[in-house]
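The structure appears below as structure tokens.
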Amino acid sequence: MEKVIELNQISEYNAANNHTTLHPLVSVLDFSKAHLRDWGKSVTRVKFQYGLYCIYLKDVKCGDIVYGRHTYDYQAGTLVFFAPGQISELEVPSEPYQPKGYGLVFHPDLIHGTSLAKALPVYHFFSYQSNEALHISDAERQVVLDCLSKIEFELNQTIDKHSKKLITANIELFLNYCERFYDRQFISREHVNQGILSKFEDLLNTYFLSEKPQNLGLPSVAYFADALHLSPNYFGDLIKKETGKSVKDLIQNKLIDVAKERIFDGEKSINEIAHDLGFKYPQHFTRVFKQHVGNTPLQFRHLN
1183 MEKVIELNQI SEYNAANNHT TLHPLVSVLD FSKAHLRDWG KSVTRVKFQY
1233 GLYCIYLKDV KCGDIVYGRH TYDYQAGTLV FFAPGQISEL EVPSEPYQPK
1283 GYGLVFHPDL IHGTSLAKAL PVYHFFSYQS NEALHISDAE RQVVLDCLSK
1333 IEFELNQTID KHSKKLITAN IELFLNYCER FYDRQFISRE HVNQGILSKF
1383 EDLLNTYFLS EKPQNLGLPS VAYFADALHL SPNYFGDLIK KETGKSVKDL
1433 IQNKLIDVAK ERIFDGEKSI NEIAHDLGFK YPQHFTRVFK QHVGNTPLQF
1483 RHLN
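Here my numbering = 1-based position in the sequence shown + 1182.
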């Protein structure tokens, strides 16, 4: 049986985890204070529907998280990020367990009108899949705990005109550290990333050799991310770190290279080439080609 839990209110979340609500819009949790997790014999899976921003640092194996179509073995020493509107599922262990670790949860209303609200779209890891969680070292774990401690310190003060600014500033500091740790993880997993880059290049090359452009249209970031079993944001960040270029730029460069070869060959009309490359309208192809090459496809053909 599946149990559905909506995470919309800080007070309800605190009560479910045996914590006092110090602020109506934000909370730092020590899950070792929560009661024993016992979902009952009939519950095999719990679905969480997020109305809050939730960040978890787990210190105990507590079941597998399923996010999208992927499962992540949620071991100790990982940080996972969820944003409002997302859904995750927990495959419940067969026996009750004591949760351990820490959490930071905050309501979207907390950040309205703050610098954090403007910066939040930069933190792509809120839309990474669970199998792309952040694995942190002991030293990084201590930095995370220090950041959470600063936020908790503010929560224990009397709410005044400085509270919101200081709390959101410390959350932003915490997220900036997480961004740094993800950069480190991209570097430390360079051999894995090179394999992904190589597979992407192969997929990109074979895309234009197949009939997919005619059937699916121009290749998208989402298409390659899905083929590599990665979220679009994680895939985009990984490729950017490895090549210095965005996935869109690499796709566009390949598209122009293939277009040049086919235009130079001269066996097909410009309209036919545009169709074969996945463009719905030849005018769009002409416009894109001229933006990158400086000449229209027809001018390029005559010049060469």
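The beta carbon of each residue, even a glycine, is placed where N, CA and C say it ideally should be.
Quick caveat, the model's predicted, so the values are computed rather than measured.
Practice prompt. In the DSSP assignment, find the beta strand (DSSP E) that holds ASP1241 and state where it starts and stops.
Written response: Looking at the DSSP string, ASP1241 is not in any beta strand (DSSP E), and its letter there is neither H nor E.
Worksheet item: Skipping 5 residues on each side, what residues in its chain have a beta carbon closer than 7 Å to that of GLU1176?
Response: This structure does not reach residue 1176, given that the chain is present from 1183 up to 1486, and the question cannot be answered.
Practice prompt. Hey, could you find the ends of the alpha helix (DSSP H) GLY1418 is sitting in?
Written response: 1414-1425
Worksheet item: With a Cβ-Cβ cutoff of 8 Å, do TYR1284 and LEU1330 count as a contact?
Response: yes
Worksheet item: Once you ignore the five residues that flank TYR1232 on each side, which residues in its own chain have a CB closer than 6 Å to its CB?
Response: LEU1189, PHE1264, PRO1266, GLN1268
Worksheet item: Grouping DSSP H, G and I as helix and E and B as strand, with all else coil, what is HIS1457?
Response: helix
Worksheet entry | Burial state of ALA1409, where buried means 16 or more other Cβ atoms lie within 10 Å | exposed
Discussion item. Give me the residue from GLU1383, GLY1377, LEU1292, HIS1217 with the minimum Cα distance to LYS1347.
Written reply: LEU1292
Fill in: ASN1200 versus LYS1430: straight-line alpha-carbon distance, rounded
47 Å
Discussion item. I need the straight-line Cα distance from PHE1335 to TYR1364, nearest angstrom please.
Written reply: 26 Å
Discussion item. Measuring CB atoms only, is the stretch 1303-1321 touching the stretch 1204-1224, in the sense that at least three cross pairs come out at less than 8 Å?
Written reply: no
Item to complete: Kindly indicate the opening and closing residues of the beta strand (DSSP E) around ASP1431.
Response: Careful: ASP1431 lies outside any beta strand (DSSP E), inside the alpha helix (DSSP H) at 1429-1447.
Fill in: Assigned secondary structure, ASP1220 (DSSP; H/G/I helix, E/B strand, else coil)
coil
Worksheet entry | Closest residue to LEU1459 among LEU1239, TYR1279, PRO1395, ASN1477 (Cα-Cα distance) | PRO1395
Worksheet entry | Proximity below 8 Å, CB of PHE1356 to CB of LYS1423 | no
Worksheet entry | Beta-carbon gap between PRO1401 and ILE1438 smaller than 8 Å | no
Worksheet item: Under 8 Å between the Cβ atoms of PRO1281 and PHE1213?
Response: yes
Discussion item. Which of the three DSSP states is assigned to GLN1280 in this structure?
Written reply: coil
Discussion item. So, with DSSP's three-state summary, where would you put VAL1225?
Written reply: coil
Fill in: Close beta carbons around ASN1196, own chain, < 8 Å, minus the five adjacent residues each side
THR1202, THR1203, SER1209, LEU1211
Worksheet entry | Distance CB(THR1260)-CB(ALA1198) smaller than 8 Å | no
Discussion item. Assuming THR1468 is part of the alpha helix (DSSP H), what are its boundary residues?
Written reply: 1464-1475
Worksheet entry | Nearest-angstrom Cβ-Cβ length linking LEU1379 and ILE1421, presumed shorter than 8 Å | 7 Å
Worksheet item: On the premise that VAL1440 lies in contact with PHE1406, defined as a C-beta separation below 8 Å, what is that separation, rounded to the nearest angstrom?
Response: Not confirmed; about 16 Å, so no contact.
Discussion item. Output needed for ARG1323: all residues of its chain with C-beta closer than 8 Å, excluding positions within five of it in sequence on either side, in chain order.
Written reply: LEU1239, GLY1259
Worksheet item: What are the residues that DSSP puts in a beta bridge with GLU1188?
Response: GLN1231
Worksheet item: Does the distance from the CB of GLU1271 to the CB of ARG1219 come in under 8 Å?
Response: no
Worksheet item: How big is the Cα-Cα spacing for THR1425 and PHE1417?
Response: 12 Å
Item to complete: With a cut-off of 8 Å on the beta carbons, I'd call CYS1236 and VAL1287 a contact; round off their distance for me.
Response: 5 Å
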